[in-house]
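**Q**
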Amino acid sequence: MILKALCAASATAALLLALPAHAAELTIGFSQIGSESGWRAAETSVSKQEATKRKVNLKIADAQQKQENQIKAIRSFIAQNVDAIFLAPVVSTGWDSVLKEAKEAKIPVVLLDRDIDPSGKELYLTAVTSDSVHEGEVAGDWLAKTVGAKACNIVELQGTVGASVAANRKKGFDTAIAKHANLKVVRSQTGDFTRAKGKEVMESFIKAEGGGKSICAVYAHNDDMMVGAIQAMKEAGLKPGKEILTVSIDAVPDIFKAMVAGEANATVELTPNMAGPALDAIAAFKDKGTVPPKWIQTESKLYTATDDPQKIYDSKKGLGY
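What follows is the structure, encoded as structure tokens:
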């Protein structure tokens, strides 16, 4: 019996040693921006779920919206000799030095959700992102179609200054409305992708625009800023979703609650599952040397109040938003 047990144990050990390395054995460091929005919290939650499904050891470092914290985290991951690094860059510039260090250590880097300056494209393996210019265009096209020929003054809540996604969502929206002379952005200011700042900036817009009576629509680079803006409008005695149209991006659960209440009109979805495609790409790269395309694009979709917002809210509320 003892001899049989020893033989079985030896055979098992030999089999395990013979197995190729795969995703189940990977340790990946993830430098996450922080939790500035519901979408960001969901991205972190879904990333953990995707890593667990693949038995990947995912180490998440919360940068609290500071690039210097992300650079420290990446250097820590390099020192730990992780198998790969995921980076959701808070801004698009200033990454060359630390990403060169990762490349010299032969640790592949995958960007999630946001891109970096084109000069650094040789320093990362792939970027898993949406087409954020397209997101802005979808938002602008929806507004133009909804407004029709009516003159419409728009106020814009921009994302974090220097973030590629903020610049791109602005670019796409501006391109879309430039085709319509009746649409005009009269005020534009950063709300840092947060509800509190979105509310604060919207309050200043309302004061500057005659108590909000001259505002036709609000465009926000994310839903969290819009939720804050909706609160500001309500406190000013305005009726968001009715007197003032709203369109934003991310499709977080709370924007669907606002739609159910008739206080929001449209959102463009940004899936929080960037890690799934990234983990698949890293597994293929590590196992077979398969080099992924430089850009892995995720799907974007427009939702309006006609799309059963209660049902969508129910389907999203457990994702960690």
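For what it's worth, the working numbering labels the leading residue of the sequence shown as 17, then goes sequentially.
Glycine residues also receive a C-beta, built at the ideal position from the N, C-alpha and C atoms.
1. Comparing alpha-carbon positions, which option in 275, 222, 298 and 110 lies nearest residue 132?
2. So, are the CB atoms of residue 80 and residue 106 less than 7 Å apart?
3. Out of 322, 60 and 45, point me to the one whose CA is closest to residue 87's CA.
4. Please report how far the alpha carbon of residue 15 lies from the alpha carbon of residue 136, in whole angstroms.
5. Name the two residues that bound the continuous beta strand (DSSP E) containing residue 74.
6. Relative to the alpha-carbon of residue 89, which residue among 47, 61 and 100 has its alpha-carbon at the smallest distance?
7. Rounded to whole angstroms, what is the Cα-Cα separation between residue 186 and residue 315?
8. Any idea what DSSP makes of residue 209, helix, strand or coil?
9. From which residue to which residue does the beta strand (DSSP E) around residue 285 run?
10. Hey, quick one: how far does the beta strand (DSSP E) through residue 239 stretch, first residue to last?
11. Alpha carbon to alpha carbon, what distance is there between residue 299 and residue 40?
12. I want to see whether chain B comes within less than 7 Å of residue 265, judged by CB atoms only; does it?
13. Please state whether the Cβ-Cβ distance between residue 238 and residue 266 is less than 7 Å.
14. Would you kindly work out how many angstroms separate the C-alpha atoms of residue 214 and residue 319, rounded to a whole number?
15. Grab me the residues of residue 325's own chain with a C-beta within less than 7 Å of its C-beta, minus the 5 sequence neighbours each way, in chain order.
16. Within the same chain, show all residues whose beta-carbon is closer than 7 Å to that of residue 116, passing over the 5 residues directly before and after it, in chain order.
17. Starting from residue 311 and walking both ways along the beta strand (DSSP E), at which residues does that stretch end?
18. Just confirm the distance between the C-beta atoms of residue 142 and residue 310, as a whole number of angstroms; I'd bet it's less than 8 Å.
19. Measure how close the beta-carbons of residue 208 and residue 176 come, nearest whole angstrom, since I'm counting them as under 8 Å.
20. What three-state label does DSSP hand residue 293 in the structure shown?
21. Using three-state DSSP, classify residue 81 as helix, strand or coil.
22. Report the rounded CA-to-CA distance for residue 337 versus residue 118, giving the unit in angstroms.
23. According to the neighbour-count rule (16 or more other Cβ atoms, all chains shown, within 10 Å of its Cβ), is residue 259 buried or exposed?
**A** Well, looking at it:
1. Ranking the options by Cα distance to residue 132, first place goes to 110.
2. No, the Cβ-Cβ distance between residue 80 and residue 106 is not below 7 Å.
3. Closest in C-alpha terms to residue 87, from the list 322, 60 and 45, comes 45.
4. Only positions 17 to 337 of the chain appear in the structure, and residue 15 is not among them; the question remains open.
5. Per DSSP, residue 74 belongs to the beta strand (DSSP E) from 73-78.
6. Of 47, 61 and 100, the residue nearest in Cα terms is 47.
7. Straight-line Cα distance between these residues: approximately 19 Å.
8. In the three-state reduction of the DSSP assignment, residue 209 falls in the coil class.
9. Where residue 285 is concerned, the enclosing beta strand (DSSP E) stretches over 282-286.
10. Looking at the DSSP string, residue 239 is not in any beta strand (DSSP E); the run it does join, the alpha helix (DSSP H), is 239-251.
11. Unreliable placement is indicated for residue 40, whose pLDDT of 48 sits below 50; the coordinate value is still reported in the next sentence. Near 9 Å, if we compare the C-alpha coordinates of residue 299 and residue 40.
12. The structure shown contains no chain B; it holds only a single protein chain.
13. A contact, by the Cβ cut-off of 7 Å.
14. C-alpha separation (whole angstroms): 21 Å.
15. Taken in chain order, the residues that qualify are 272, 275 and 276.
16. In chain order, 139 place their CB closer than 7 Å to the CB of residue 116, counting only its own chain and leaving out the 5 sequence neighbours on each side.
17. It spans 311-313 - the beta strand (DSSP E) in which residue 311 sits, taken as one unbroken run.
18. Their Cβ separation, rounded to whole angstroms, is 6 Å, which keeps residue 142 and residue 310 in contact under 8 Å.
19. Confirmed, about 5 Å.
20. Note: residue 293 maps to helix in three-state DSSP.
21. Residue state, collapsed to three classes: coil.
22. A straight-line Cα-Cα distance of about 31 Å links residue 337 and residue 118.
23. Counting Cβ neighbours within 10 Å, residue 259 comes out exposed, since fewer than 16 surround it.
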